[in-house]
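Down below is the structure, laid out as structure tokens.
Residue numbers (this note's numbering), protein chains in the order written: chain V, 1 to 344; chain H, 1 to 116.
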């Protein structure tokens with residue numbers, strides 16, 4: 001009888017599977033992703049390597065010495081240990097992350113605009129107390145510009161009423177406001193000494209959200225050639241909430257990681273962060289094969305660093321409050337060794 | 001990574017495949033990715049070339065402690081290892097900017113506001 005190996009589901013629960021079952025899940029994950037994104041399946045060597053990583057009872061795994069990559073720690077800290085700057089210091093000194101990020105709990109550029117001076121002062125203090133690069137981060141968060149939170153008619157209400165043109169105009173107006181707000185906050189953070197700006201979960205509200213991130217990035221790159229600009233995505237696929245928006249003549253709706261990266265590179269970003277959300281009902285083996293299949297075509301054209309999102313619920317890291325180190329370290333090793341990523 | 005990520009998960013990532021930040025030279029390699037958009041291999045080679053070490057040394061906290069002390073790139077103060085007479089955070093960033101030949105925003109702001 002084939003031995004059973006402890007492994008994780010996408011919700012973090014510990015289950016036992018045979019090596020054959022893990023192998024079957026890896027194959028199913030890559031096949032599904034290839035079908036959905038119309039990209040090649042992983043080749044046999046890659047599946048064999050993933051099987052070696054995932055069909056193991058080891059509590060922890062790691063890359064070889066010398067193969068380490070950068071950890072850009074978006075949303076650094078717990079918010080409950082000391083103050084925010086002390087949080088960053090702890091992560092620099094004790095955890096050894098490579099970049100830290102100052103952020104506020106209302107993680108949206110629109111919200112930050114109202115207290116940007118206070119945020120800038122915190123950035124200035126952080127820069128005086130840390131040696132690590134310190135970036136400032138938030139979500140573009142386009143939905144915040146629609147009623148009742150913002151001034152723009154709510155496109156999620158207009159669309160079900162069949163008011164397509166009105167919904168599109170609303171998103172275009174919101175996009176303009178968002179680009180201005182990101183630019184406003186970024187200017188203040190640059191004046192306070194930031195090393196970089198992070199657009200976290202870009203595209204969460206669809207193609208207009210992604211467009212705002214790309215346009216804001218281009219504006220900032222023209223002003224600050226040295227500035228670190230990280231565009232991290234919300235998911236593997238850009239939703240066409242508008243459907244017709246273009247950047248440099250290319251339609252954004254429906255873009256998978258390879259095309260997302262092309263746009264991010266053209267906009268002038270420093271770092272691209274692909275995100276592949278997890279299926280909690282499938283094993284982590286199924287999820288890693290699916291995630292790597294989606295992202296692999298992007299790596300072939302990457303001219304800038306690619307930092308895969310491997311936080312909770314993305315990149316084959318389970319959706320649970322305390323993701324277990326066995327699952328986290330397996331995802332970490334798999335992305336580095338198979339995709340040759342630049343960080344995470 | 002990303003906001004909403006649970007407590008301490010960074011610990012697993014840094015141990016599994018991270019460069020260790022300023023415990024080694026992860027902060028320096030990160031600066032090349034941010035400022036010059038260099039991919040990991042090119043960024044490691046660049047930093048190693050500037051520091052006169054091998055790319056593998058950059059993730060080695062033992063090798064990097066001495067290199068950081070020699071070049072004034074900053075070290076972490078811990079209970080039994082403090083260096084009050086060595087460069088602190090902002091002072092180290094002046095030296096990092098020079099060693100890597102890159103602008104560091106807060107250093108430039110410091111010079112401007114201190115009228116240096």
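Beta carbons: idealized from backbone N, C-alpha and C, even for Gly.
This one's a predicted model, so the numbers in the text were calculated from it and none came from an experiment.
Distance, residue j Cα to residue i Cα
i                      : j                      : result
residue 61 of chain V  : residue 48 of chain V  : 16 Å
residue 166 of chain V : residue 37 of chain H  : 39 Å
residue 113 of chain V : residue 138 of chain V : 11 Å
residue 52 of chain H  : residue 21 of chain H  : 19 Å
residue 331 of chain V : residue 43 of chain V  : 18 Å
residue 320 of chain V : residue 313 of chain V : 7 Å
residue 118 of chain V : residue 77 of chain V  : 18 Å
residue 307 of chain V : residue 68 of chain V  : 13 Å
residue 18 of chain V  : residue 16 of chain H  : 25 Å
residue 237 of chain V : residue 129 of chain V : 39 Å
residue 50 of chain V  : residue 5 of chain V   : 15 Å
residue 114 of chain H : residue 48 of chain H  : 32 Å
residue 323 of chain V : residue 14 of chain V  : 11 Å
residue 27 of chain H  : residue 280 of chain V : 34 Å
residue 184 of chain H : residue 32 of chain H  : In the structure as shown, chain H begins at 1 and stops at 116. Residue 184 of chain H is therefore absent and cannot be evaluated.
residue 318 of chain V : residue 111 of chain H : 46 Å
residue 284 of chain V : residue 99 of chain H  : 43 Å
residue 246 of chain V : residue 260 of chain V : 12 Å
residue 226 of chain V : residue 23 of chain V  : 45 Å
residue 185 of chain V : residue 20 of chain V  : 52 Å
residue 241 of chain V : residue 142 of chain V : 11 Å
residue 188 of chain V : residue 224 of chain V : 13 Å
residue 24 of chain H  : residue 134 of chain V : 17 Å
residue 234 of chain V : residue 74 of chain V  : 13 Å
residue 329 of chain V : residue 121 of chain V : 36 Å
residue 176 of chain V : residue 46 of chain V  : 43 Å
residue 30 of chain H  : residue 92 of chain V  : 13 Å
Proximal residues of chain V, C-beta to C-beta of residue i below 7 Å
i                      : result
residue 76 of chain H  : 93
residue 106 of chain H : 127 and 193
residue 89 of chain H  : 128, 129, 130 and 131
residue 93 of chain H  : 131
residue 181 of chain H : Only positions 1 to 116 of chain H appear in this structure, which leaves residue 181 of chain H out of reach.
residue 31 of chain H  : 133
residue 23 of chain H  : 96
Limits of the alpha helix (DSSP H) - the one that residue i falls within
i                      : result
residue 294 of chain V : 284-301
residue 110 of chain H : 105-113
residue 91 of chain H  : 89-100
residue 89 of chain V  : 84-90
residue 46 of chain V  : 44-54
residue 60 of chain V  : No alpha helix (DSSP H) holds residue 60 of chain V; DSSP gives it neither H nor E.
residue 27 of chain V  : 19-37
residue 222 of chain V : 207-223
residue 264 of chain V : 257-267
residue 248 of chain V : Neither: residue 248 of chain V is in no alpha helix (DSSP H) and is coded neither H nor E.
residue 330 of chain V : 325-334
residue 157 of chain V : 155-158
Where residue i meets chain V, residues with beta-carbon distance less than 8 Å
i                      : result
residue 84 of chain H  : Within 8 Å Cβ-Cβ: nothing; residue 84 of chain H doesn't reach chain V, min ~15 Å.
residue 14 of chain H  : 71, 95, 96 and 97
residue 115 of chain H : Those do not exist, as residue 115 of chain H stays about 16 Å from chain V at its closest Cβ, beyond 8 Å.
Start-to-end residues for the beta strand (DSSP E) that takes in residue i
i                      : result
residue 6 of chain V   : 4-8
residue 170 of chain V : Segment 164-192 is the alpha helix (DSSP H) holding residue 170 of chain V; no beta strand (DSSP E) there.
residue 272 of chain V : 271-273
residue 138 of chain V : 134-138
residue 348 of chain V : Outside the modelled stretch of chain V, which goes from 1 to 344, sits residue 348 of chain V, for which no answer is possible.
residue 230 of chain V : 228-233
9 Å Cβ cut-off: residues of chain H touching residue i
i                      : result
residue 302 of chain V : 39
residue 329 of chain V : 12, 13, 15, 16 and 17
residue 342 of chain V : 33, 38, 39, 40, 41 and 43
residue 61 of chain V  : 16
Beta-carbon neighbours of residue i, restricted to chain V and to distances below 9 Å
i                     : result
residue 34 of chain H : 72, 99, 133, 135, 195, 196, 226, 227, 228, 229, 230, 270, 271 and 305
residue 59 of chain H : 65, 66, 67 and 68
Heavy atom of the ligand PLP within 8 Å of residue i beta-carbon
i                     : result
residue 53 of chain V : Looking for the ligand PLP in the displayed structure turns up nothing, as the structure carries no ligands at all.
Under 7 Å from the C-beta of residue i: neighbouring residues of chain H
i                      : result
residue 30 of chain V  : The contacting residues do not exist; residue 30 of chain V stays about 22 Å from chain H at best.
residue 190 of chain V : 105
Chain H residues whose Cβ lies nearer than 8 Å to that of residue i
i                      : result
residue 333 of chain V : 16 and 17
Practice task
Output the residue ranges of the beta strand (DSSP E) runs that lie fully inside the region 17-75 of chain H and measure 3 residues or longer, sorted by chain position.
Solution key: none
Exercise for the section: Could you tell me whether the region 144-151 of chain V touches the region 86-94 of chain H, where touching means 3 or more Cβ pairs closer than 8 Å? Expected result: Contact fails: fewer than three Cβ-Cβ distances are below 8 Å.
Practice task
Give a yes or no on contact between the region 68-84 of chain H and the region 196-212 of chain V, applying the rule of three or more CB pairs nearer than 8 Å.
Solution key: no
Problem - At least three beta-carbon pairs within less than 8 Å, the region 96-109 of chain H to the region 55-62 of chain H - result: no
Handout entry: Given 8 Å, three or more beta-carbon pairs between the region 159-175 of chain V and the region 98-110 of chain V
Key = no
Exercise for the section: Could you tell me whether the region 284-293 of chain V touches the region 248-256 of chain V, where touching means 3 or more Cβ pairs closer than 8 Å? Expected result: no
Practice task
For the region 267-276 of chain V and the region 203-219 of chain V, state whether three or more C-beta atom pairs, one from each stretch, are separated by less than 8 Å.
Solution key: Touching, yes.
Practice task
Give, in chain order, every unbroken run of the beta strand (DSSP E) that is at least 3 residues long and sits entirely within the region 95-132 of chain V.
Solution key: 99-102
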